[in-house]
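**Q** Here's a structure for you.
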Amino acid sequence: MTDRARTVGRIALGLALAGAGVAHLTTAREEFRAQVPEFVPLDVDTTVVASGVVEIALGSALVLARGRRTTVGWIVAAFFVAVFPGNLAQWVHHRDGFGLDTDTKRFVRLFFQPVLVAAALWSTGAWRAWRRSR
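Using the numbering used here, the first residue of the sequence shown is number -9, and each one after it goes up by one.
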């Protein structure tokens, strides 16, 4: 893939992540509450707001942090891994949200998280840099 494709992917992922963060704080706040697992020690709404702020910051970093792209890529990938238990909890506890109103839809959603992890690593060159260092 070309550098141009990576750049487009990184910016698209950054804008999507920042947009999701804004949605955490505004229009989809209630929907995101369905993804907060019971074991999270914070209040559900506090968790949604905090994760929204983090998503805005990470999305902005994907778009703007030119000199730290590989580091940002690893951090974003780690974030996507960290929020996966929320997706799992939504499926296990049969919680509707974002049109995921059946167990099948919630289960299929689980397979998109690794795609996001891969997109973060690929679009920032983090995976390529790691492979070159080995």
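Glycine residues also receive a C-beta, built at the ideal position from the N, C-alpha and C atoms.
Mind checking which residues open and close the alpha helix (DSSP H) that includes R45?
**A** First, the residue type needs correcting, since residue 45 is Glu and not Arg in the sequence shown. From DSSP, the alpha helix (DSSP H) with E45 extends over V34 to L54.
**Q** Just to confirm before moving on: does the CB-CB distance between Q25 and A79 stay below 9 Å?
**A** It is a contact, given that the beta carbons lie within the stated cut-off.
**Q** In whole angstroms, give me the CA-to-CA distance for V(-2) and V44.
**A** Distance between the alpha carbons of V(-2) and V44: 22 Å.
**Q** Spatial neighbours of T37 within its chain, please: C-beta separation below 6 Å, excluding the five flanking residues on both sides.
**A** Contacts found: V26 and V30.
**Q** When DSSP labels each residue in this structure, what does P31 get in the three-state scheme?
**A** The answer is coil: DSSP assigns P31 none of H, G, I, E or B.
**Q** For V204, collect the residues of the same chain with a Cβ closer than 7 Å to its Cβ; drop the 5 residues on either side in sequence, then sort them by chain order.
**A** Here the chain has residues from -9 to 124 only, and residue 204 is not among them.
**Q** For the 8 Å Cβ check, are there 3 or more pairs between the segment 40 to 59 and the segment 90 to 102?
**A** No, because fewer than three Cβ pairs between the segment 40 to 59 and the segment 90 to 102 fall closer than 8 Å, the two stretches do not touch.
**Q** If you check the beta carbons only, do A40 and G4 fall under 9 Å apart?
**A** Not closer than 9 Å, so no.
**Q** According to the Cβ coordinates, are G49 and L7 closer than 9 Å?
**A** A contact, by the Cβ cut-off of 9 Å.
**Q** Thinking C-beta only, is G76 closer than 9 Å to A110?
**A** Their beta carbons are not under 9 Å apart, which means A110 does not touch G76 by this criterion.
**Q** Considering only residues of the same chain and omitting the five flanking positions on each side of E21, which have a CB-CB separation below 6 Å?
**A** Only G87 and F88 meet the Cβ criterion.
**Q** Which residue marks the beginning of the alpha helix (DSSP H) containing V66, and which one marks its end?
**A** Note, V66: alpha helix (DSSP H), R59 to A72.
**Q** Could you tell me whether the Cβ atoms of V34 and I1 are closer together than 9 Å?
**A** Not a contact, by the Cβ cut-off of 9 Å.
**Q** Given this structure, state the Cα-to-Cα distance separating L15 from H84, to the nearest angstrom.
**A** Roughly 23 Å separates the two Cα atoms.
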